[in-house]
Amino acid sequence: MQATNAQREYFNLHTTGVGYLSRVRWVTPQGRGRKSEPFLACAISALRGSSDSSDTTYFDLRVSGAEAIGLIESMKQSVDERRKVTVTFRIADTYPHVYERDVRDQETGRPTGQKEMAALIKGRLILIYSISVDGESVYKRSADGAEPAGEDAPREHEPQGEGFYQDESWPEERQQPRQAPQRASQQEAPRGAQQSLPVDAQRPSTAPQGHAQSRQAAAPAARGHGPSAYPRRPAPHSGAGYREPAGQR
Numbered sequence: 001m002q003a004t005n006a007q008r009e010y011f012n013l014h015t016t017g018v019g020y021l022s023r024v025r026w027v028t029p030q031g032r033g034r035k036s037e038p039f040l041a042c043a044i045s046a047l048r049g050s051s052d053s054s055d056t057t058y059f060d061l062r063v064s065g066a067e068a069i070g071l072i073e074s075m076k077q078s079v080d081e082r083r084k085v086t087v088t089f090r091i092a093d094t095y096p097h098v099y100e101r102d103v104r105d106q107e108t109g110r111p112t113g114q115k116e117m118a119a120l121i122k123g124r125l126i127l128i129y130s131i132s133v134d135g136e137s138v139y140k141r142s143a144d145g146a147e148p149a150g151e152d153a154p155r156e157h158e159p160q161g162e163g164f165y166q167d168e169s170w171p172e173e174r175q176q177p178r179q180a181p182q183r184a185s186q187q188e189a190p191r192g193a194q195q196s197l198p199v200d201a202q203r204p205s206t207a208p209q210g211h212a213q214s215r216q217a218a219a220p221a222a223r224g225h226g227p228s229a230y231p232r233r234p235a236p237h238s239g240a241g242y243r244e245p246a247g248q249r
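Each residue of the sequence shown is one higher than the one before, counting from 1 in full-length UniProt numbering.
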């Protein structure tokens, strides 16, 4: 007999790097239940290649965990002011997302009425190691800092894959960004931080963990709707050995 409280095992897919932070925003998905809860999102253009002539890889991310949310949220004003915000990060559960977008005129930027397919990489931003603004360091996680735990820890292995964030993974034209409500007091500094950062907005409360969706078994077909329920025709008269039914003699 299997234990009812057996611990599940997962496969981790983590990406670490350094890149430029952009598009920090709160998003309210168009959906119901847990999928309709507002969440903090951002984009990171991660650097790769030679430092002399580096390229970037674009990530569109959902920020997960109280520690990461507090840090990214505190950088929103700097990002909106178009200052250069550089972060070293850890991303989990990346996957490609393909969507359809409007084709825009290269000169005017207006939609042409045509559509084209596009793709980007999505994932969860779960840890920030350091932040600098215009080359000045404003946050650095201590080397011996423990992994985020409790409320600060990101939710482990939320459902992901092709259907992950079914509502919020739509193209940006279909999302509904909103401003987070103002905090009444300054948020506590994240664990492991050497320098606290001001937070100018408050994230909405998240739903409790453990709301796994139960799978419903397919209902059996109703009686009388199967192939055997249809009346069978009598065999055609072949002549030999044929007897009329008792009522027709």
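The beta carbon of each residue, even a glycine, is placed where N, CA and C say it ideally should be.
Alpha-carbon spacing of residue i relative to residue j, whole angstroms
{"i": "L47", "j": "G65", "result": "24 angstroms"}
{"i": "R119", "j": "R90", "result": "Before going further, note that residue 119 is Ala rather than Arg in the sequence given. Cα-Cα distance, rounded: 21 angstroms."}
{"i": "D80", "j": "T15", "result": "26 angstroms"}
{"i": "Q186", "j": "Y99", "result": "Since pLDDT at Q186 reaches only 41, below the 50 mark, its modelled position is unreliable, and no value is offered."}
{"i": "E67", "j": "S22", "result": "18 angstroms"}
{"i": "residue 256", "j": "T108", "result": "It is not possible to answer for residue 256, since the shown part of the chain is limited to 1 through 249."}
{"i": "L40", "j": "D52", "result": "33 angstroms"}
{"i": "V87", "j": "R110", "result": "33 angstroms"}
{"i": "I128", "j": "S50", "result": "23 angstroms"}
{"i": "A43", "j": "V24", "result": "7 angstroms"}
{"i": "E136", "j": "R82", "result": "15 angstroms"}
{"i": "I126", "j": "R101", "result": "28 angstroms"}
Neighbour-count burial assignment, residue i, 16 or more Cβ in a 10 Å radius
{"i": "P29", "result": "buried"}
{"i": "R62", "result": "buried"}
{"i": "R124", "result": "buried"}
{"i": "R8", "result": "exposed"}
{"i": "K84", "result": "exposed"}
{"i": "A143", "result": "exposed"}
{"i": "M117", "result": "exposed"}
{"i": "S74", "result": "buried"}
{"i": "G31", "result": "exposed"}
{"i": "R141", "result": "buried"}
{"i": "G19", "result": "buried"}
{"i": "A92", "result": "buried"}
Cβ neighbours of residue i in the same chain (closer than 6 angstroms, five flanking residues each side left out)
{"i": "N12", "result": "none"}
{"i": "H17", "result": "Checking the displayed sequence, the identity of residue 17 turns out to be Gly instead of His. Closer than 6 angstroms at the Cβ level, and outside the excluded window around G17, lie A46."}
{"i": "K76", "result": "V24"}
Close Cβ partners of residue i (< 7 angstroms) along its chain, the five nearest in sequence each way excluded
{"i": "S54", "result": "L47 and R48"}
{"i": "D105", "result": "T112"}
{"i": "Q114", "result": "V103"}
Contacts around residue i, its chain only, beta-carbon distance under 8 angstroms, and the 5 residues preceding and following it disregarded
{"i": "I121", "result": "T57, Y58, F59, D60, T94, Y95, P96 and H97"}
{"i": "S78", "result": "V85 and V133"}
{"i": "S36", "result": "T28, P29, Q30 and D167"}
Residue interval of the beta strand (DSSP E) (run including residue i)
{"i": "S137", "result": "E136 to K140"}
Exercise. Taking only runs that begin and end inside the region 24-67, name each unbroken beta strand (DSSP E) of 3 or more residues, in chain order.
Key: The region 24-67 is shown to contain whole beta strand (DSSP E) runs of 3 or more residues at 39-48 and 55-63, in chain order.
Exercise. Could you pull out every unbroken beta strand (DSSP E) segment of at least 3 residues lying fully inside the region 60-117, listed in chain order?
Key: Those beta strand (DSSP E) runs which fall completely within the region 60-117 and span 3+ residues are 85-104.
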